[in-house]
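Enquirer:
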Amino acid sequence: MTTANYLTHPRGIRSWLLTLDHKRIGIMYLVSTLAAFSLGGLFAMIVRTQLLSPNGAIFTVAKDYDHYNQMFTLHGAIMIFLVLIPGVPGALGNFVLPLMLGARDVAFPRLNLFSYYLYVSGALIVILSIILGAVDTGWTFYTPYSSDPDIGSRDAVSLMVFGIFILGFSSILTGMNFIVTIHKLRPSPPNGMTWFRMPLFLWSLYATAVIQILATPILGITLLLLIMERTLHVGIFSPRFGGDPILFQHFFWFYSHPAVYIMILPAMGIMSEVIPTFSRKPIFGYHFVAISSLAIAIIGFLVWGHHMFPNGQSTLLSTIFSFLTMCVAIPSAIKVWNWLATMYKGSISLKTPMCYALAFLFLFTLGGLSGIYLGSLSLNVHVHDTYFVVAHFHFVMFGGTLMGFLSGLHYWWPKMTGKLYNENPARLACALIFLGFNTTFLPQFLLGSHGMPRRSATYLPEFAPYHILSSLGAGIQLLGFILAAAVLIHSLFRGRQSPPNPWGAATLEWSCPSPPPHDNFSTPPLVGDPYDHANLVWISDQEGYRRSQEPEARSQKSQT
Amino acid sequence: MSTTQPHLASHFNSPQQQFDSGKLGIWLFLTTEILLFSGLFCAYAVYRSNHPDIFAFAHQYLNKWLGALNTLILISSSFTMAWSVRAAQLNQKNLCTTLLAITILCGSAFLSVKYIEYKNKWQEHLLPGPRYNPRELPPAEAEALDDQSRDRKGATWEGGAASTLPHGRSLTVAALIPPTETFRAPIGPAGLNPAWVDNDRSSRFSMSWLAPTPSLEPEPNNTHIFFGIYFLMTGLHAIHVLVGISLITWLLLRTTRGDFSPQYFAPIDFTALYWHIVDLIWIFLFPLLYLIGNT
Ligand SMILES: [Cu+2]
Numbered sequence: 010m011t012t013a014n015y016l017t018h019p020r021g022i023r024s025w026l027l028t029l030d031h032k033r034i035g036i037m038y039l040v041s042t043l044a045a046f047s048l049g050g051l052f053a054m055i056v057r058t059q060l061l062s063p064n065g066a067i068f069t070v071a072k073d074y075d076h077y078n079q080m081f082t083l084h085g086a087i088m089i090f091l092v093l094i095p096g097v098p099g100a101l102g103n104f105v106l107p108l109m110l111g112a113r114d115v116a117f118p119r120l121n122l123f124s125y126y127l128y129v130s131g132a133l134i135v136i137l138s139i140i141l142g143a144v145d146t147g148w149t150f151y152t153p154y155s156s157d158p159d160i161g162s163r164d165a166v167s168l169m170v171f172g173i174f175i176l177g178f179s180s181i182l183t184g185m186n187f188i189v190t191i192h193k194l195r196p197s198p199p200n201g202m203t204w205f206r207m208p209l210f211l212w213s214l215y216a217t218a219v220i221q222i223l224a225t226p227i228l229g230i231t232l233l234l235l236i237m238e239r240t241l242h243v244g245i246f247s248p249r250f251g252g253d254p255i256l257f258q259h260f261f262w263f264y265s266h267p268a269v270y271i272m273i274l275p276a277m278g279i280m281s282e283v284i285p286t287f288s289r290k291p292i293f294g295y296h297f298v299a300i301s302s303l304a305i306a307i308i309g310f311l312v313w314g315h316h317m318f319p320n321g322q323s324t325l326l327s328t329i330f331s332f333l334t335m336c337v338a339i340p341s342a343i344k345v346w347n348w349l350a351t352m353y354k355g356s357i358s359l360k361t362p363m364c365y366a367l368a369f370l371f372l373f374t375l376g377g378l379s380g381i382y383l384g385s386l387s388l389n390v391h392v393h394d395t396y397f398v399v400a401h402f403h404f405v406m407f408g409g410t411l412m413g414f415l416s417g418l419h420y421w422w423p424k425m426t427g428k429l430y431n432e433n434p435a436r437l438a439c440a441l442i443f444l445g446f447n448t449t450f451l452p453q454f455l456l457g458s459h460g461m462p463r464r465s466a467t468y469l470p471e472f473a474p475y476h477i478l479s480s481l482g483a484g485i486q487l488l489g490f491i492l493a494a495a496v497l498i499h500s501l502f503r504g505r506q507s508p509p510n511p512w513g514a515a516t517l518e519w520s521c522p523s524p525p526p527h528d529n530f531s532t533p534p535l536v537g538d539p540y541d542h543a544n545l546v547w548i549s550d551q552e553g554y555r556r557s558q559e560p561e562a563r564s565q566k567s568q569t
Numbered sequence: 000m001s002t003t004q005p006h007l008a009s010h011f012n013s014p015q016q017q018f019d020s021g022k023l024g025i026w027l028f029l030t031t032e033i034l035l036f037s038g039l040f041c042a043y044a045v046y047r048s049n050h051p052d053i054f055a056f057a058h059q060y061l062n063k064w065l066g067a068l069n070t071l072i073l074i075s076s077s078f079t080m081a082w083s084v085r086a087a088q089l090n091q092k093n094l095c096t097t098l099l100a101i102t103i104l105c106g107s108a109f110l111s112v113k114y115i116e117y118k119n120k121w122q123e124h125l126l127p128g129p130r131y132n133p134r135e136l137p138p139a140e141a142e143a144l145d146d147q148s149r150d151r152k153g154a155t156w157e158g159g160a161a162s163t164l165p166h167g168r169s170l171t172v173a174a175l176i177p178p179t180e181t182f183r184a185p186i187g188p189a190g191l192n193p194a195w196v197d198n199d200r201s202s203r204f205s206m207s208w209l210a211p212t213p214s215l216e217p218e219p220n221n222t223h224i225f226f227g228i229y230f231l232m233t234g235l236h237a238i239h240v241l242v243g244i245s246l247i248t249w250l251l252l253r254t255t256r257g258d259f260s261p262q263y264f265a266p267i268d269f270t271a272l273y274w275h276i277v278d279l280i281w282i283f284l285f286p287l288l289y290l291i292g293n294t
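Those protein sequence lines, which keep their order, are chains E and Z. 10 is the number of the first residue of the first sequence in the working numbering; add one for each residue after it. 0 is the number of the first residue of the second sequence in the working numbering; add one for each residue after it.
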């Protein structure tokens, strides 16, 4: 058995930093986003510690409350722009996409590396802006507070916004690469990869890439205009110079609502892989799940006004946005029902990725339903800018995207590293994170519906029990994350060698060794049904699965 | 397998697949470019529909003949660029080199004209934000002015005295403006300060430089916003022209080196597409900024 795989061929730090291999770039993205996640998590812990006491546990006097504003701003900006947006596509997508497709690499490997370094430079600029004077505008950078230096926001705003501008281009280039790869690099027929033989993770990455390309340039120009507003006072967003701050909100949400689908769609794609594999059943309603990804991508562009119901938007416009918001819930619901139907009468095995997938299903459904609450006009006015919104957002972004990411990380970990981790501690970590998550964010729904405003350094004493419970949950999550990290790191050194296909999944990445060789497939792989689990048999001496028949023979048999 | 195909990357199966991938990639990239500009076009549309007076007044400061000249230059350069792709496909190396060189010259000529325009705006203080402080009225407006109030050169806001206010406004208006203001603060995003409205209609001038009539609105509030939008749009466009010139210079070097052939001309093709988009954006910018009629 040959031992040369992508991790060891070629060797040396230089060969990593200048690599064009999508798998190595994926690993570098993974390490970077996890580092950014730790930083964002640190700020979250500071926020939750502050809220242990009604008058603040860290920043106790009014002149320090601004530091609290900085903490939640940094938490939000880092988690969204450095973790959630590049996380699944950059780390898992880069690693998995060409393998699943049966390609040797993404279409533009050099562009891929360039996009990674854009990410690193953007991230470093954001971190520099933290050192030079943390931003306190909130991650939304609403004008005029962000545009007018005299009101209080600091010069660091320009720097951070510029960093995010660069991160946006990194995201655009990744999206471009994915679209071209999926269009042009699928193995050709016969026995090639047709559109409807593609694993659903690829469909969701494709839909994500469409949003990345169509929405991110708008963020780019918005942030550029914000910088220009701050430096040249061009008078587009700043009312002091004749500008319109509401226009900024329109521009910002035109990107940032689709951006939540950039974050959630890839995680939904992971669900569509993990749930069939661990239910040992083909995905229910393949075409519906595939097309619903595109539907989300398209309708997602038409709902941004639901962030602005009380902000002076006309009633007619608000009504239309509210209606369209309800519409975008439909394709998401289609996915959830199809996953449930996939599990129905399946032979479910509760391996760690499946545990995270179940957590996703539970939390994302709650998050999505609370989104319908927020999309309805009358209720929105009541809970706008309260903890209800905070809880909703964390249920979809943390309970959805991050649970999906963790599920995918544990699912592809043996493929990426060639090592099997220890199942029971990994499951325990999942349980801790799930428990901690609910302890943190369920009380926030109550807080919000009782009127607790978000982004406040202090609160009325009657909110104290909820806040203390919430902070306690954050501590439980921290334990869970430390345990999950320890399990994975332990596996790197002590883990057993993984077989090519430890889970019995039918997609192509499991047909090459773990970890994969440098050029993925020396001969173009034979593509079969991506959810044909019945064709896989357990080989006990390898502790893994293997195809019992090659797809070619199988498809001929089914035709006759 | 790639030994016979020097330009074929190892993860592609055929030159055709590589070319098609590149083509799709460049089109996607151009989509993002158009969307990047669309934010500015959107800002333009919002402000023009909310404040047509600002655009009608301020565009008169732009020289439409220089704009037209630049349009002509860019369209010609698009033609030579397109022809250079054809020349590369037909293996006409010398022709290709010449055409690329002409394209570079056209691009540089465009930037030179742009430089002249920018320099003029800079000297006349036709700048965004608080730096907006023109010394003269737009040419058409100035013509309509009677002689005694015309000469306002050298007057600045910081000059302080009410009588040295620009644009030959009457003292009644001038007295309402505190000279310490370095720029005119608006009443609201859409608000027009009533203090600015000159009640004596007979002393007004035409806003239209096409058909001057003896009624001129006073200079609208926040005229500087026009120049903010003007500099952002043309500036972002000029950066794209600069990038295009660099890319075409790189192509020129590669052509003289003999890199391209009828089998491999993708970089010229893709750069040409980029150059056409840059041209196309200017074709929208020119009428939107320079050719605003009376509204
Ligand atoms: Cu939204």
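All C-beta atoms, glycine included, are put in the ideal place defined by N, C-alpha and C. The structure presented is a predicted model; accordingly, all values stated were derived computationally and were not measured.
Once the 5 residues before and after Gly-292/Z are set aside, which same chain residues still bring their CB inside 6 Å of it?
Expert: none
Enquirer: Could you tell me the alpha carbon to alpha carbon distance between Gly-177/E and Pro-226/E, rounded to whole angstroms?
Expert: 8 Å
Enquirer: Specify, as a first and last residue, the run of the alpha helix (DSSP H) that Trp-82/Z falls within.
Expert: Following the DSSP letters along the chain, one finds Trp-82/Z inside the alpha helix (DSSP H) bounded by residues 63-88.
Enquirer: Within 10 Å of its beta-carbon, does Ser-387/E have 16 or more other beta-carbons around it, so buried, or fewer, so exposed?
Expert: exposed
Enquirer: Taking DSSP as the reference, what is the three-state secondary structure of Gly-72/E?
Expert: Contrary to the premise, residue 72/E reads as Lys rather than Gly in this sequence. Note: Lys-72/E maps to helix in three-state DSSP.
Enquirer: Within a Cβ cutoff of 8 Å, which residues of the same chain sit near Ser-356/E, ignoring the five residues on either side of it in sequence?
Expert: Ser-288, Arg-289 and Lys-290
Enquirer: Given a cut-off of 9 Å, decide if His-124/Z and Pro-133/Z are closer than it, judged by their beta-carbon atoms.
Expert: yes
Enquirer: DSSP three-state call for Tyr-77/E: helix, strand or coil?
Expert: Collapsing the DSSP output to three states places Tyr-77/E in a helix.
Enquirer: Mind listing the chain E neighbours of Ala-237/Z? Cutoff is C-beta to C-beta under 7 Å, in chain order.
Expert: Going along chain E, no residue has its Cβ under 7 Å from Ala-237/Z, so there is no contact; the nearest lies around 14 Å.
Enquirer: With DSSP as the reference, identify every bridge partner of Gly-553/E, one or two as the case may be.
Expert: Answer is Ile-548/E, bridged to Gly-553/E.
Enquirer: What does Ala-116/E touch in chain Z if you count any residue whose Cβ is under 7 Å from its own?
Expert: Ser-20 and Gly-24
Enquirer: Could you tell me the boundaries of the alpha helix (DSSP H) in which Arg-47/Z lies?
Expert: 14-49
Enquirer: By DSSP's criteria, Leu-429/E is part of a beta bridge. Which residues make up the other side?
Expert: Partner(s): Arg-505/E.
Enquirer: With Pro-261/Z as the anchor, note down where its alpha helix (DSSP H) starts and where it stops.
Expert: No alpha helix (DSSP H) contains Pro-261/Z, which DSSP labels as neither H nor E.
Enquirer: Taking 6 Å as the limit between beta carbons, can you name the residues of its chain near Ala-338/E, skipping five residues before and five after?
Expert: Ile-381
Enquirer: Taking 8 Å as the cut-off, is the beta-carbon of Val-496/E closer than that to any non-hydrogen atom of ligand 1?
Expert: no
Enquirer: At 4 residues or longer, what runs of the alpha helix (DSSP H) sit wholly inside the stretch 396-445 of chain E?
Expert: 396-405 and 412-426
Enquirer: Note down the Cα distance separating Cys-439/E from Phe-407/E, rounded to an integer number of angstroms.
Expert: Separation of Cys-439/E and Phe-407/E (C-alpha to C-alpha, rounded to the nearest whole angstrom) is 13 Å.
Enquirer: For ligand 1, I want to know if Val-312/E counts as a neighbour, meaning its beta carbon is within less than 8 Å of at least one of the ligand's heavy atoms.
Expert: yes
Enquirer: From this set, Tyr-60/Z, Thr-222/Z, Ser-9/Z and Phe-28/Z, which residue's C-alpha is nearest Ile-276/Z's C-alpha?
Expert: Phe-28/Z
Enquirer: Beta-carbon separation of Asn-103/E and His-18/E under 9 Å?
Expert: No, Cβ-Cβ distance for Asn-103/E and His-18/E is not below 9 Å.
Enquirer: Taking the alpha helix (DSSP H) that Pro-226/E falls in, what are its first and last residues?
Expert: 209-241
Enquirer: Hey, would you say Gly-24/Z sits closer than 9 Å to Asn-433/E, going by beta carbons?
Expert: no
Enquirer: Can you determine whether any heavy atom of ligand 1 sits closer than 8 Å to the C-beta of His-403/E, and answer yes or no?
Expert: no
Enquirer: Using the Cα positions of Leu-110/Z and Ile-173/E, report the straight-line distance between them to the nearest angstrom.
Expert: Distance between the alpha carbons of Leu-110/Z and Ile-173/E: 30 Å.
Enquirer: For Leu-120/E, tell me which candidate among Ser-180/E, Ser-62/E and Arg-113/E has the shortest Cα-Cα distance.
Expert: Nearest option by C-alpha distance: Ser-180/E.
Enquirer: With distance defined between alpha-carbon atoms, name the residue in Ala-276/E, Ile-136/E and Ser-62/E nearest to Pro-98/E.
Expert: Ala-276/E
Enquirer: Write down the C-beta distance between Leu-99/Z and Ile-244/Z rounded to the nearest angstrom, noting that I regard them as a contact closer than 8 Å.
Expert: Contact flag wrong, Cβ pair sits at about 11 Å.
Enquirer: Is Ser-13/Z near ligand 1, with its Cβ less than 8 Å from a heavy atom?
Expert: Not one heavy atom of ligand 1 is found less than 8 Å from the C-beta of Ser-13/Z.
Enquirer: Output, in chain order, the set of chain E residues within a Cβ distance shorter than 7 Å of Val-277/Z.
Expert: Here the premise fails: no neighbours, minimum Cβ distance about 15 Å.
Enquirer: Any contact of the stretch 276-285 of chain E with the stretch 345-364 of chain E, i.e. 3+ C-beta pairs under 8 Å?
Expert: yes
Enquirer: Kindly give me the distance between the Cβ atoms of Gly-278/E and Phe-371/E, rounded to whole angstroms, as I take these residues to be in contact under 8 Å.
Expert: Taking the Cβ atoms as the reference, Gly-278/E lies roughly 19 Å from Phe-371/E, outside the contact range of under 8 Å.
Enquirer: Taking C-alpha atoms, which residue in Trp-421/E, Arg-206/E, His-393/E and Ser-531/E lies nearest to His-296/E?
Expert: Arg-206/E
Enquirer: Can you tell me the Cβ-Cβ gap for Leu-73/Z and Ala-86/Z, rounded? I've got them flagged as a contact below 8 Å.
Expert: About 20 Å; that fails the 8 Å criterion.
Enquirer: Quick check: is the beta carbon of Leu-127/E nearer than 9 Å to any beta carbon in chain Z?
Expert: no
Enquirer: Given that His-242/E touches chain Z, what residues does it touch there, using C-beta distances under 9 Å?
Expert: Pro-127, Gly-128, Pro-129, Arg-130, Phe-182, His-223 and Gly-227
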